[in-house]
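Remarks on the structure that follows.
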Amino acid sequence: LEKAELAVGDGMIREVTTACLICMQRCPIAVGVDSEGKIRYVRYLTMEGYDEFFACCGRPQLIFELPFLRERIKKPLLRVGKRGEGKFKEISWDEALRLLTEWIKEYWDEPWRIVAMSRSGADSGFFHTFFKSVVGTPNVTKHCDTCHTGLDWAGYFLFGKLVSPSSLIPDYANADLIVIMGRNPTQGIVATAWSKLFAESRARKARLIVFDVKRDRLCELADRCYIIPPGTDLAIVLAIMNVILEEKLYNSEYLIKWTNASMLVYEDTLEPVKMDVNPLQKDKLTYLVYDEATGEYKLKPEAKKPALEYEGEYNGRRVKTVLLVLKDAVKKYTPEWASRITGVPAEEIRWVARELARAAPRAFIDHVYKAARYYNEGMFNRVRMIVNVLLGSMGVKGGIAYPGGKPKFPSPFEVIPIETRKPGGESIPEYWKKRGVKNIHKKCFSQLVEKTVVEGKPYPIGLLIIYNENIVSHILGAREFIEALKDENKVKHIVVIDTTFNETVLFADLVLPTTFFIEQDGATLHYAKKGGLGQIVAIKKVVDPPKDVDAKPCWQILWEVAKRLGLTKAEYDPRKVWEKQVEKYGGLKELLEKGVIPVAKGLKYHPWGGKPLPTETGEIELINVKLLREYREYLGKESPLNPLPTWIPPAWMRETGGQLADDQFVVVDAMSALTATNTFMRFSGIVRDAMEKRREYGVLIHTERAAKLGIRDGDLVRIKGPGGEMIAKAIVTDGVHPTVIVGPHATNFGELLPKEVEVVKADGSVERVRIFAKGGGYGVNTNLLGLPVFGKTLVVEEGARTAQCDFIVKVSKA
Amino acid sequence: MARYGMVIDLNRCIGCLACVVACIRENIARQTGEDVVYPEPPVLYARTKPVHMKGGESLPFSDTTVFIQCQHCENPPCAMVCPTGATFVDEYGVVRLDHNKCIGCRACMIACPYAARTMYRGSLPGEPPNKYGLVPNTPDKCTFCVHRREAGNWVPACVEACAFGARMFGDLDDDKSEVARIVRSGTAVQLLSGLGCDPKLFYVPPLRSALNARR
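Protein sequences appear in the order of chains H and W. The opening residue of the first sequence carries number 1 in our numbering; numbering runs sequentially from there. The opening residue of the second sequence carries number 815 in our numbering; numbering runs sequentially from there.
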């Protein structure tokens, strides 16, 4: 005891600088470890000028508990029961690697039948590149189609390119008014970085208005908080857009300079009246406008004052500006109309719009992260972005800014010699693209993998290998997926590399235990990025795994397989790779000494992010010229591909007309800053208790609705969805919209799967491992309740991304 | 004599509970090398715990998560009622507990108007995580991580863990310290200041609250 106490601060503590990989943020941290290998502290690795964007939140503080989770996988395991039964026997690493090598060899001539999936972060880059470039399969994916794909495509309409969560940054620090809907920077997936910026701006008195389906810490911080029905944010932003256009609250100068708002289009077809080569911008087109200064039609570069609100005749045909087309498109979406859908008083919506305009450009509706909950999220995000553009807040100080640059690392496979080959064969996304799925994100097609597994098309999967990705929990309609996974004719071999038992591991034929990030050196360097700042970080071994855990880093597993396949003779040394990767940025010595190397600083304040956009005009296109041509048939339709802003009711509303029976609810899963994004976090007893204390460990149900069903606080309730059912603990509260039942994401799998795993150990004894031994078990998982239905809960127009929370469940007392 | 105190800015707190987890690791949980054990439920025994305050909008902390922990009062009722002198104020102004003198009568727990003391009645394997870590059957409380001062690095674990700058710690009598500056500016308030306990823990109330609106 004395020794441990003295150790704090006097040099007996060994401090290791590394980065946290629990979410994708990769915040640099320093971990103090004493001579007995106990973690004594975890602190954020501060660096002057960079601290605005990174932090060490509650999750890395928990790393002292992680290695000892009851659900930890301790040895390589071979399935002995049926898939999904959770019966395994311990095998040696040699046997495990032999099997994996054999199964890869089996499909060496048909590599496309090997499907590799992993989440972002950890060594997923290594994993992806290994399967793409060494094994040669085109079927390597992440699960962003269940996360941000709706956002990606929304951005395409304005910017001509996919807009990921990190490709635009809310400049909270300089904002005067922040309106938040569709996200929660204090609780969301990559909570830390956002909350760091956000909390600081709030403390500096930026005003805050929040729209959400439930009250939590974000509402506590807000000046005003409106609780609205799920998936109706679109109605609010359409009404805000209506007010801004009707009351001419937009930033004219900005719109003329940076957008195609002044573009003249034919009233009947919406086609641009005339487009021509832009003499001022290489490879970009310009267009006809009405010059208010001279009263003539001119190409934009020649006009002194392009009109924003003009309509007239050109060569005998009616023409008008893009801005007027937009104004017409949202004319009917008045605050009164939105009020009927959302319950927010019309005058309050009008007030929000006027306040936004008053504070502009230091005001915005926040950028979001996850956009795969409701059917209409692509449209919601597009309209939200249009509002920011109308305000002139896009790309300016205090508005929505662009991030700084990032380093380019050589691939480890260029550093350490290994045979590579090009991916071959028809990929799963190519197959489904030919069959009507539009806009498939090339790195995000997990739902299509599910479809392939279920339908056996275009081919049965030979080897499904999954690394640190609880895909059964992440995929919508997992029950259907589970049934298919049980069939060896649909998937011949399933291999899972993971740290803890979970929904997916239960289906593995071969389970390979891997180390937590604190127990290994990372295969490659990582880049911690947020806002305009970036830091190169190295994942370093902080502690050894517990004595009874025989786990290997993923890179080591795959490298050993590569050696067995005869693809390399070299030894893989992460530090050699780091050395090469950091060569241009100051060298490995500096990185190891400082813990981080900063590489980019400062947000980019420029409406286009510094250079013309990939749109045809190079400008922000409020109506996208190319996509209008492509998606003309969607005009007038309630579709996210409609080139004009339009109301799309969420699927649950279309189904019910917005009227729910007493036992009907829309089921919504919420992120928690303690469990996201790695589902192993839910197994922590401290996490469970913290969530209970915050009254989020169960499902929130409105007081009046609960009373009608005879449900009291703490009762267990049965939630029955179209795809399955589960039991959860009710938290009765006024702080939730009466329409919804809300619980923390992926903290429950009901009766679907066994909650105990049986492992026959090497000595013949049997160990039973209880899942949810200390944490997890009473939240919700919409993926296990819903069904993947094209055009309803799968948005086929947006790459078959999910609408994971857009369906009705029936709730009763259990 | 120094008077150490803490300020919690509730506008910077995003509720990640890093402070609570860090406190559990630093003072409550025991890492045995083969496992990590802590009293159940762990957050109840953390020396700083989140509490959601309800009440009408006119109340200063209504609909806000605050943290319940030892307020390190200048006039601590818990020390006044302690029959053995086990609870005392040290030379830095920290209200502390001498485990050797404590008879476990729990008078301090009843006397504390902030409900800041908890007693774990179970048993735990191994040794406490530090010299002043939680000992079962004694009325546990925040020590401002005074063991770290003795080791030459006096930053309470919760302050070190809060990367959002919501928690600040320092000498209230040192004009240059951040805590003294904030307290002097009048933006931070004590809880139940009318009781006369004169806590050295201050809270910056939510911006939207009645307390802020008055200023």
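Cβ coordinates follow ideal geometry from the N, Cα and C atoms, glycine included.
How about residue i: is its C-beta nearer than 8 Å to some C-beta of chain W?
| i | result |
| --- | --- |
| Thr18/H | no |
| Tyr38/H | The amino acid occupying residue 38/H in the given sequence is Lys; Tyr does not appear at that position. Output row for Lys38/H: interface = yes. |
| Asp544/H | no |
| Glu696/H | no |
| Glu797/H | no |
| Val8/H | Because Val8/H sits at a pLDDT of 47, beneath the cut-off of 50, its placement in the model cannot be relied upon, and the following sentence gives the value as read from the coordinates. For Val8/H, the answer is yes, since a Cβ of chain W falls inside 8 Å of its Cβ. |
| Glu220/H | yes |
| Thr186/H | yes |
| Ser35/H | no |
| Ile771/H | no |
| Ala199/H | yes |
| Gly685/H | yes |
| Lys823/H | In the structure displayed, chain H extends from 1 to 814; residue 823/H sits before or after that span and is not available. |
| Thr420/H | no |
Which residue or residues does DSSP assign as beta-bridge partners of residue i?
| i | result |
| --- | --- |
| Ile701/H | Val732/H, Ile741/H |
| Ile291/H | Here residue 291/H is Asp; the residue named in the question, Ile, does not match the sequence. DSSP lists Glu296/H, Pro306/H as partners of Asp291/H. |
| Gln535/H | Ala528/H, Pro598/H |
| Lys604/H | Tyr402/H |
| Met181/H | Phe211/H |
| Arg30/H | One detail in the question is off: residue 30/H reads as Ala in this sequence, not Arg. DSSP, once it has assigned bridges, lists Thr17/H, Arg43/H as partnering Ala30/H. |
| His493/H | Leu463/H |
| Leu716/H | Lys729/H |
Ends of the alpha helix (DSSP H) at residue i?
| i | result |
| --- | --- |
| Glu992/W | 992 to 999 |
| Gln556/H | 554 to 564 |
| Met894/W | 891 to 895 |
| Ile686/H | 685 to 693 |
Would you say residue i lies against chain H (beta-carbon separation less than 8 Å)?
| i | result |
| --- | --- |
| Pro939/W | no |
| Arg1022/W | yes |
| Thr879/W | yes |
| Val997/W | no |
| Cys956/W | no |
| Pro856/W | yes |
| Lys868/W | no |
| Tyr1017/W | no |
| Arg1028/W | Note that Arg1028/W has pLDDT 40, beneath the 50 cutoff, so the model's placement of it is unreliable and the number below is only indicative. No, Arg1028/W lies away from the interface with chain H (no Cβ there is under 8 Å from its Cβ). |
Can you tell me where the beta strand (DSSP E) holding residue i begins and where it ends?
| i | result |
| --- | --- |
| Ile822/W | 818 to 823 |
| Phe364/H | 363 to 365 |
| Ile924/W | Taken as a continuous stretch (DSSP letters only), Ile924/W belongs to no beta strand (DSSP E), being part of the alpha helix (DSSP H) at 921 to 925. |
| Val16/H | 14 to 19 |
| Tyr631/H | No beta strand (DSSP E) holds Tyr631/H; DSSP gives it neither H nor E. |
| Leu911/W | 909 to 911 |
| Gln664/H | 664 to 670 |
| Gly984/W | 981 to 985 |
| Lys87/H | 87 to 90 |
For residue i, return the contacting residues in chain W, with the cut-off set at a CB-CB distance below 8 Å.
| i | result |
| --- | --- |
| Phe68/H | Glu848, Asp849, Val850 |
| Phe64/H | Arg839, Ala843, Gln845, Val850 |
| Cys56/H | Ala832, Ala975, Ala977 |
| Leu700/H | What Leu700/H touches in chain W: nothing, since even the nearest Cβ is about 13 Å away. |
List, in chain order, every chain H residue whose beta-carbon is nearer than 7 Å to that of residue i.
| i | result |
| --- | --- |
| Val1056/W | One cannot answer for residue 1056/W here, as it falls past the ends of chain W, which runs 815 to 1029. |
| Glu992/W | Residues of chain H passing the Cβ test: none, with the nearest at roughly 13 Å. |
Quick one: which chain W residues come within Cβ less than 7 Å of residue i?
| i | result |
| --- | --- |
| Asp283/H | Ordered by position in chain W, no residue passes the 7 Å Cβ test against Asp283/H, which lies about 44 Å from the chain. |
| Arg217/H | Ile828, Gly829, Thr879 |
| Ile22/H | The premise fails here: Ile22/H is roughly 12 Å from chain W at the closest Cβ pair, so nothing lies under 7 Å. |
| Tyr226/H | Residues of chain W passing the Cβ test: none, with the nearest at roughly 14 Å. |
Identify the contact partners of residue i in chain H, using a Cβ-Cβ distance below 9 Å as the criterion.
| i | result |
| --- | --- |
| Pro864/W | Ala690, Lys693, Arg694 |
For residue i, go through chain H and note every residue whose CB falls closer than 8 Å to its CB, in chain order.
| i | result |
| --- | --- |
| Ala1031/W | Beyond the ends of chain W as shown, which are 815 and 1029, falls residue 1031/W; an answer cannot be given. |
| Ala1030/W | Absent from the model: residue 1030/W. The displayed extent of chain W is 815 to 1029, so no value can be given. |
Check whether the Cβ of residue i sits closer than 7 Å to any heavy atom of the ligand GDP, and report yes or no.
| i | result |
| --- | --- |
| Ile701/H | By its list of ligands, the structure shown contains no ligand whatsoever, and the ligand GDP lies outside what it can speak to. |
Would you verify that the beta carbon of residue i is, or is not, closer than 8 Å to some beta carbon of chain A?
| i | result |
| --- | --- |
| His913/W | Although the question refers to chain A, the structure presented lacks it and instead comprises the protein chains H and W. |
Of all the residues that make up the segment 652 to 682 of chain H, which are near chain W by a beta-carbon distance shorter than 8 Å?
Listed in sequence order: Ala673, Leu674.
Looking at chain H, which residues of the segment 818 to 845 of chain W have a Cβ within less than 9 Å of any of its Cβ atoms?
In summary, the residues of the segment 818 to 845 of chain W whose CB is separated from some CB of chain H by less than 9 Å are Asp823, Leu824, Asn825, Arg826, Cys827, Ile828, Gly829, Cys830, Leu831, Ala832, Cys833, Val834, Val835, Ala836, Ile838, Arg839, Glu840, Ala843, Gln845, in the order they occur in the chain.
What are the residues in the segment 201 to 213 of chain H lying within 7 Å of chain W by C-beta distance?
Arg202, Ala203, Lys205
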